[in-house]
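Each remark here refers to the structure printed beneath this line.
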Ligand code: 5GP
Ligand code: ZN
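Numbering (the numbering used here), first residue to last: 11 to 124.
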């Protein structure tokens with residue numbers, strides 16, 4: 011998608027701190043981290059939000075969670091625990107309209123979110 015920020019990051023047109031990549035998934039450090047570990051995990055295919063997950067593309071969600079588990083292990087937060095967050099749509103707080111999951115950890119996280 012031509013004017014999508016995360017598609018540009020995946021294509022390497024905008025620099026990012028890559029932490030993981032495979033055939034389907036790209037993960038990079040959030041530019042404005044809310045925790046010692048704050049990684050964004052995105053599908054390489056442009057999917058705008060959770061609302062656009064279909065029977066045909068739903069497998070990407072399991073691939074993203076497998077990537078999250080690997081990254082958590084590599085970052086040393088798997089044992090202590092972490093949070094995976096998806097914001098969907100304006101009321102959900104989604105600011106970038108390319109499906110992404112936040113992996114947050116490295117400190118004790120508060121609940122509930124605001
Ligand atoms: P959302 O609010 O849509 O769930 O999350 C978007 C996230 O993208 C935010 O946490 C924000 O800090 C991050 N972000 C926005 N622009 C950039 C960027 O250019 N590079 C990186 N690495 N992260 C970004
Ligand atoms: Zn995109």
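Ideal Cβ placement from N, Cα and C applies to all residues, glycine included. Keep in mind it's a predicted model, so treat the numbers as computed, not measured.
Could you tell me how far apart the beta carbons of residue i and residue j are, in whole angstroms, since I believe they sit closer than 8 Å?
i, j, result
"residue 110", "residue 63", "Rounded, the Cβ-Cβ distance is 13 Å, inconsistent with contact."
"residue 43", "residue 117", "Contact flag wrong, Cβ pair sits at about 11 Å."
"residue 18", "residue 58", "With a Cβ gap of about 15 Å, residue 18 and residue 58 do not count as contacting."
"residue 81", "residue 54", "Contact doesn't hold; Cβ gap of about 16 Å is too wide."
Under the rule that 16 or more other beta-carbon atoms within 10 Å means buried, what is residue i, buried or exposed?
i, result
"residue 125", "Absent from the structure is residue 125, since the part of the chain shown begins at 11 and ends at 124."
"residue 41", "exposed"
Classify residue i as helix, strand or coil using the three-state DSSP reduction.
i, result
"residue 23", "coil"
"residue 94", "strand"
"residue 65", "coil"
"residue 83", "helix"
"residue 115", "strand"
Would you call the stretch 93-107 and the stretch 20-39 in contact, with 3 or more CB pairs under 8 Å? Not touching, per the Cβ criterion.
Could you tell me which whole beta strand (DSSP E) segments of length 3 or greater appear in the stretch 38-65? Within the stretch 38-65, the runs of beta strand (DSSP E) that reach at least 3 residues and sit entirely inside it are, in chain order, 47-53.
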